[in-house]
Amino acid sequence: MNPLERLAVWLNVRPAEVRAVSLSFLGAFLVMSFLILARSLREALYLSAFDIKTLPYITVAVAVLSVPTVGLFGRALAVSSPTAVLRGMLFLLAAGLAVLWPFAASPKLLTHLGFAVVAFYLWTALGSLLLTSGFWVVTSEYFPVRGAKRLFGLIGAGGTAGAMVMGNSLVWLTARVDLDWLVPGLIALIALFYCCQRLLPALDRSPSSEGDKSSITASFLAAWRSPHLRTLSLIVFAVGIATTLLDYQFKEAAQANFLSEQQLTSFFGAFYGWTGGIALVLQLLLVARFLALAGVAWALALLPLVLALGSVGMLIIPSLILVTAVRGADASLRKSIYRSAQEVMFVPVPSVLRRKTKTFIDSVVDAAAEGLGAAIILLLVTLAGFPSHYLSVLIIGLSLVLLLLSRRMGWQYFRTVTAELQRTGEASEVYAERARLEGRDLLSGTFTRLDISSLADELAQPQSAVSEESIEESPAQRREHEADIAERLNSPNLSVAARALEERQDWGEELLPLLCRLLARDGLVERAAAALTSAGARAVPHLTRLLADDSADFVIRRRIPKVLARLGEKESDNALLDALFANRFEIRYRAAIALVRRQRLGTLKSERFKASLIWEAIRAEVGRGRPIWEMQKLLDEDREDDDLVVRRVGARGELSLEHTFRLLSLVLEPEAIRAAFHGVVLDDENLKSFSLEYLEQVLPADVRSRLWPFIGDISEQQRRRSIRPLDDVVSDLMATGATLFGDSVERAALKRILDDQE
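In terms of the numbering used here, the numbers along the sequence shown are unbroken and rise by one, the last being 760.
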């Protein structure tokens, strides 16, 4: 394994993702480099030409102009692919900078024509909004939700690295290069980013068919009608206001302590560089783990917690050091944990809706928040004359609101993932008809699939039972008829026994044990089951006793749950619940099918049917060793009345997985579990991503940790650690009592097969 492959394994990047992740990382690096250079340059030029108290005016101007700008950008996304729109926007941004460069290069024009400074400020601010949003719109098209949670922190680290490198470079650049020569640097960054986008793999994505409806109003209505996007918009809006207020406090303190353009540019560059470095460390070491362990709600809540605590300190001790520290924490968290969580929030949203609303939320909502924040500053500080550190009171209030919104966002995210899982899962039934795994190691197994002959022929034992249509008869005649029925049912001729089952309708108590034994005969199973069902409650004691008896004929036992499912008795339910803990897999498997059927029909009557008991059965299943899990099979494949499985795809351990998910459907939303099962077994990465995300939200931690190695998107390191030596596998298989291993002969055959595969 070469160093690059080792790095990919350490970063948990799958082989198929390397190209897209690498180019996205580089793209984020260039985008943030552009943003830091443009922001530092425009703020230094503006603050050198205008008083700090005029800053709210330019901020409001950016907010106002962002509305038509984003409207045009949204219309373009509606009629063309995100990649094409982003590339066109890059050409336009570079052309505008080329036009403004002569003004920046002329100190005289810069001094006497204030509109040049304003124009440069507005052009770079609006361009930065679209550049950032466009980059993440394109990036979100490449990764499903699980990939986004795992990789967006890494991709964002590229942006943070860009901010750190560019910020620290500005200290050196401003000491050696005139500011006007930094404008060609912006154009060069755009050119490099364009080349990076050209190298990305082609996407099979069609534009929205609703191009004529993509306007600012349509985007606003679409975002507002979606509870998920509405909550996210409110979070972006509240964070934007709080950051604008804090940023004003920070810049006011900076202007008061640094007088020249070079000092301001150097200070801002160093600030953005250091905060970028902190954010880079957070993204590489913490973001993915924090999102996986704490969840999106806590990831969003971390920023307002820091803002609230820092603002309390600002009220007590306002100073440059403290405001720089609070603003630095804000910048670091926004670039790392908060930004990654925000981008993950967009991934489960349907592609068409995401394209219509993402840029609106990223740009218009964020710019509107900055505009409102600027208006608050204008009213309270510029006009009313209040000291700026009093703005901390508003920041504290906004932080408390953000904590509530973050909690709500966690709920909405789960609902959206569940809804998208079910919507995407509806198409999986059609997809299942053509799905093939073709050697795909679905459950990260340690050996190839094995075929060992069924034990049905050895276990099937023709039994007896006879009955005849009941008529009014004497006790002697009845005994004679019963003996005749028993003799006919015991006949080795299936047609004779079948006619006896069809002729008799009234089954006496003494014939019920015979009917139970007839379940062992393949040709009579359905007729015997129908006869037992017609006997009603009288048959339940006989069936439940056999089902619980480990020494009873296994062929009979494995067919009893199907009969009990048709009998609406409390004792039937209790027997099926006990059968979930039977030693033989097929008994547990068919008992679960029977319980699901009774739950769906609303005929469950047992007082013992509680979620805690089902979770106990689930924990028992996922706690079994991998060899047992992967080798559990059924003696026959007769289809039950069960809608969990659309089509079996032949993966190792699929029956164990199917049984576990069937148990989960007894305690969780059945439709969501059904879709999640399809997402796990079918070769559809998008559906699988939603499935794993849903399961991560609903499964208890101990169940998830045991189930995940079989179905989860575990890292390469985790996969390698899960592989066990073949000798250990053989030892476990020899010790198990799973269905496949009926006697010493078959165990010896299994040993030979495994030895041959070494």
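For every residue, glycine included, the Cβ atom is placed at its ideal position computed from N, Cα and C. In this text, all values refer to a predicted model and were calculated from it rather than measured experimentally.
Query                                                                                                                                                              : Result
Can you have a look at Asp552 and say buried or exposed, based on whether 16 or more other CB atoms are within 10 angstroms of its CB?                             : exposed
In angstroms with no decimal places, state the Cα-to-Cα distance between Gln720 and Pro711.                                                                        : Here the model assigns Gln720 a pLDDT of 47, short of 50, so the residue's position is not dependable and the matter cannot be decided.
Do you know how far the Cα of Leu597 is from the Cα of Leu615?                                                                                                     : 13 Å
At which residues does the alpha helix (DSSP H) containing Arg21 begin and terminate?                                                                              : 20 to 51
Using only alpha-carbon positions, find the residue among Ala530, Glu345, Leu514, Gly155 that is nearest to Ala499.                                                : Ala530
By Cβ distance, which residues of its chain are closer than 7 Å to Arg21, with the 5 residues on each side in sequence left out?                                   : Pro203
Indicate the three-state DSSP secondary structure (helix, strand or coil) for Gly297 in the structure shown.                                                       : coil
So, for Ala165: in the same chain, excluding its five sequence neighbours on each side, which residues have a beta-carbon less than 6 Å away from its beta-carbon? : Met34, Ile38, Tyr274, Gly278
Decide if Trp138 is buried, meaning its Cβ has at least 16 other Cβ atoms within 10 Å, or exposed.                                                                 : buried
Please report the straight-line C-alpha distance between Ile60 and Val66, rounded to a whole angstrom.                                                             : 10 Å
Kindly give me the distance between the Cβ atoms of Ala613 and Phe583, rounded to whole angstroms, as I take these residues to be in contact under 8 Å.            : Their Cβ separation, rounded to whole angstroms, is 16 Å, which puts Ala613 and Phe583 out of contact at 8 Å.
Using the three-state DSSP reduction, which class does Ala78 fall into: helix, strand or coil?                                                                     : helix
Arg568 by DSSP, collapsed to three states: which one?                                                                                                              : coil
Using a 10 Å radius around the Cβ and a threshold of 16 neighbouring Cβ atoms, would you call Cys197 buried or exposed?                                            : exposed
In the segment 328 to 366, which residue ranges form an unbroken alpha helix (DSSP H) of at least 4 residues, counting only runs that do not cross its ends?       : 341 to 348, 353 to 361
How big is the Cα-Cα spacing for Lys690 and Thr426?                                                                                                                : 10 Å
What separation, rounded to the nearest whole angstrom, lies between the Cα atoms of Asp364 and Leu49?                                                             : 26 Å
Looking at chain B, is there any beta carbon in it that lies within less than 8 Å of the beta carbon of Leu28?                                                     : Of the protein chains in the structure, only one exists, and it is not chain B.
If you compare alpha carbons, which of Thr418, Ile562, Ala502 is closest to Cys518?                                                                                : Ile562
Determine the extent of the alpha helix (DSSP H) in which Val598 is found, giving its start and end residues.                                                      : 587 to 603
Val624 to Phe679, Cα distance in whole Å?                                                                                                                          : 15 Å
Under a three-way DSSP split, which group does Gln634 fall into?                                                                                                   : coil
In this structure, how does DSSP classify Glu489 when only helix, strand and coil are distinguished?                                                               : helix
In three-state terms, what does DSSP make of Ser691?                                                                                                               : helix
In its own chain, which residues sit with a C-beta less than 6 Å from the C-beta of Tyr392, not counting the 5 before and 5 after it?                              : none
Glu345 and Ser142 look like a contact to me (Cβ under 8 Å); what is the Cβ gap, rounded to whole Å?                                                                : 7 Å
Which stretch, first to last residue, makes up the alpha helix (DSSP H) that contains Asn259?                                                                      : 229 to 259
Name the residue from Ser24, Ser536, Thr535, Lys55 whose alpha carbon lies nearest to the alpha carbon of Leu201.                                                  : Ser24
Taking a contact to mean a Cβ-Cβ separation below 8 Å, would you say Ile218 touches Val366 in this structure?                                                      : yes
With 16 as the cutoff for other CB atoms within 10 Å, does Val64 come out buried or exposed?                                                                       : buried
With a threshold of 16 other CB atoms inside 10 Å of the CB of Trp226, please say whether the residue is buried or exposed.                                        : exposed
Taking 6 Å as the limit between beta carbons, can you name the residues of its chain near Thr450, skipping five residues before and five after?                    : With a pLDDT of only 31 at Thr450, under the threshold of 50, the placement of this residue in the model should not be trusted; the figure read from the coordinates follows. If we look at Thr450 and ignore the five residues flanking it on each side, it has no Cβ neighbours.
With distance defined between alpha-carbon atoms, name the residue in Leu503, Ile243, Arg357, Leu286 nearest to Val395.                                            : Ile243
Does DSSP put Leu657 in a helix, in a strand, or in coil?                                                                                                          : helix
Can you tell me whether DSSP reads Val15 as helix, strand or coil?                                                                                                 : coil
For Gln285, is the beta carbon positioned less than 7 Å from some heavy atom of the ligand MN?                                                                     : Of the ligands one can find in the structure shown there are none, so the ligand MN has no counterpart to examine.
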